[in-house]
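> Quick one: the structure is below, questions incoming.
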Amino acid sequence: MPELPEVEVTIKELKPKLVGRSITRIDVRNPRLRFPIPSEIQEIAGASVESLERRAKYIYMRTDHGTAVVHLGMTGHLSVVPPEKEIGKHDHWDMLLSDGNILRYNDVRRFGALLWTKGDPAELAPLRDLGPEPLSDAFNPEYLEKALAKRVLAIKCALMDNRIVVGVGNIYANESLFRAGIDPRRESGSITAEECGRLVAVIKDVISEAIESGGSTIKDFYTPDGEPGYFAQKLEVYGRTGEPCVKCGTPIEAVRLGQRSTFFCPKCQK
DNA sequence: ATAATAACCTGAGGGC
DNA sequence: TGCCCTCAGGTTATTA
8 MPELPEVEVT
18 IKELKPKLVG
28 RSITRIDVRN
38 PRLRFPIPSE
48 IQEIAGASVE
58 SLERRAKYIY
68 MRTDHGTAVV
78 HLGMTGHLSV
88 VPPEKEIGKH
98 DHWDMLLSDG
108 NILRYNDVRR
118 FGALLWTKGD
128 PAELAPLRDL
138 GPEPLSDAFN
148 PEYLEKALAK
158 RVLAIKCALM
168 DNRIVVGVGN
178 IYANESLFRA
188 GIDPRRESGS
198 ITAEECGRLV
208 AVIKDVISEA
218 IESGGSTIKD
228 FYTPDGEPGY
238 FAQKLEVYGR
248 TGEPCVKCGT
258 PIEAVRLGQR
268 STFFCPKCQK
């Protein structure tokens, strides 16, 4: 479900409902997520929430007892609900808040995660090798050129590799390559310095615009407040197989790269 | 080391 | 109505 913009929007809406509250208790109904929820998560009981931050697609919930790290996987969703709200089929855990409400995690496919650390969350195994944030200065044309050099994998697969840059999922990889006019099947090592410059610029643009639009609602993404994202209306190639290219009218084509659907205009993307 | 593939899950939708 | 197939916004584990 969520790419970086969707996670960003989730955090923005949860902040005022969580920061400054305490977690009185956590109820784990099903610990079998992407990684088993560690039993140490119980240490969060009584902790005060200090901040919510994002790293890649992970959400850091910093407390005075330690940091809970949440990943939404493909179908994860966080919401703050009143105590009388009945528990649904895929509601895997609840954090009871000091104001009486509940932070509830729902995840149909269970590809998400809930981790716990008393140290630096960036040192946790799944986060250790993450590349730079796409909106940071560390993600720049020189960096990308070096990261792609001599690599033979398709440029689209490289952009979706978290060790090269984080937060660029299938939707935004497709959209960015279209805006940059680059064929997603190109070998990474064949991308020129000038093209790296274009790619970095459009990735920053696409992600910023998607955050401003509240994310992309394709099937079922909605924010903790139940709002859909509106970036889907601006998608130019994703999911548009056979429809005319917005620039030249040529039908959009679809191929499969790294087992993911890939959309492009055969005329505009070289 | 790198690149491609399989795997983890559930549900929706299409074709027959 | 039901069965079988494919697809889905992510990431790790395994295999060449």
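Here our numbering is used: the first residue of the first sequence is 8, the next is one more, and so on. Where is the CB? At the ideal position from N, CA and C, for every residue including glycine.
Does the structure place the stretch 116-133 close enough to the stretch 31-50 that three or more beta carbon pairs sit under 8 Å?
With a cut-off of 8 Å, the stretch 116-133 and the stretch 31-50 count as touching, because enough Cβ pairs lie within range.
> Does the structure place the stretch 69-76 close enough to the stretch 148-159 that three or more beta carbon pairs sit under 8 Å?
These segments do not touch.
> Helix, strand or coil for Ala161? Go by DSSP, reduced to three states.
Strand, per DSSP.
> What does the alpha-carbon distance come out to for the pair Lys125 and Glu202?
One C-alpha to the other measures close to 42 Å.
> With a floor of 4 residues, list each alpha helix (DSSP H) that falls wholly inside the stretch 126-207, ordered by position along the chain.
Counting only runs of 4 or more, we get 148-155, 162-166, 177-187.
> Between which residues of its own chain and Ala52 is the CB-CB distance below 6 Å, once the five residues before and five after are set aside?
These residues qualify, in order along the chain: Arg32.
> Does the distance from the C-beta atom of Asn169 to that of Tyr245 stay below 8 Å?
The answer is no: Cβ separation not under 8 Å.
> Let me check one thing: in DSSP terms, what residues is Met68 bridge-paired to?
Paired residue(s): Leu59, Ala75.
> Using a threshold of 8 Å, state whether the C-beta atoms of Leu155 and Gly196 are closer than that.
A contact, by the Cβ cut-off of 8 Å.
> Using only the alpha-carbon positions, how far apart do Ser58 and Ile66 sit?
Those two C-alpha atoms are separated by around 10 Å.
> Leaving out five residues on either side along the sequence, give the residues of the same chain with a beta carbon under 6 Å from the beta carbon of Arg267.
Here the set comprises Asn177.
> From which residue to which residue does the beta strand (DSSP E) around Val7 run?
Residue coverage of the chain in this structure runs from 8 to 277, which leaves residue 7 outside it and unanswerable.
> Between the alpha carbons of Val77 and Leu121, how many angstroms are there, rounded?
About 5 Å.
> Taking 7 Å as the limit between beta carbons, can you name the residues of its chain near Lys211, skipping five residues before and five after?
Excluding residues within five positions, the ones whose Cβ falls inside 7 Å are Pro141, Leu142.
> Is Val115 helix, strand or coil when you go by DSSP?
Val115 falls in the coil class under three-state DSSP.
> What residues match up with Ile44 in a beta bridge as DSSP calls it?
Answer by DSSP bridge pairing: none, since Ile44 is not bridged.
> For the candidate residues Ile214, Glu149, Lys241, whose alpha-carbon lies nearest to that of Ile198?
Of the listed residues, the one whose Cα sits closest to Ile198 is Glu149.
> DSSP beta-bridge partners for Leu103?
Leu103 pairs with Arg32, Ile109.
> Please work out which residues of its chain come closer than 6 Å, Cβ to Cβ, to Pro45, disregarding the five sequence neighbours upstream and downstream, and give them in chain order.
Only Trp123 meet the Cβ criterion.
> Compute the Euclidean distance between the alpha carbons of Pro191 and Pro139, then round it to the nearest angstrom.
Each residue's Cα considered, the two are about 21 Å apart.
> How far does the alpha helix (DSSP H) with Thr17 in it extend, from its first residue to its last?
Note, Thr17: alpha helix (DSSP H), 11-25.
> Around the Cβ of Pro23, are there at least 16 other Cβ atoms within 10 angstroms (buried) or fewer (exposed)?
Flag for Pro23 reads exposed.
> Round the Cβ separation of Arg193 and Ser105 to the nearest angstrom and send it over; I've been treating them as touching at under 8 Å.
About 53 Å separates the two Cβ atoms, so there is no contact after all.
> Please return the same chain residues whose Cβ sits closer than 7 Å to the Cβ of Phe6, not counting the five positions on each side in sequence.
Because the chain is modelled from 8 through 277, residue 6 falls outside the range shown and cannot be assessed.
> First and last residue of the beta strand (DSSP E) that includes Thr124?
Thr124 -> beta strand (DSSP E) spans 120-124.
> Which residues in the same chain as Ala54 place their Cβ atom closer than 7 Å to its Cβ, once the five residues preceding and following it in sequence are excluded?
Cβ within range, chain order: Ser29, Ile30, Thr70, Asp71, His72.
> Sort out for me which residues DSSP pairs Ile215 with in a bridge.
The residue you asked about is not Ile; residue 215 is Ser in the sequence shown. According to DSSP, which records beta bridges pairwise, Ser215 is partnered with nothing at all.
> Between the Cα of Val262 and the Cα atoms of Pro133, Cys272, Thr82, Val253, which residue gives the shortest distance?
Of Pro133, Cys272, Thr82, Val253, the residue nearest in Cα terms is Cys272.
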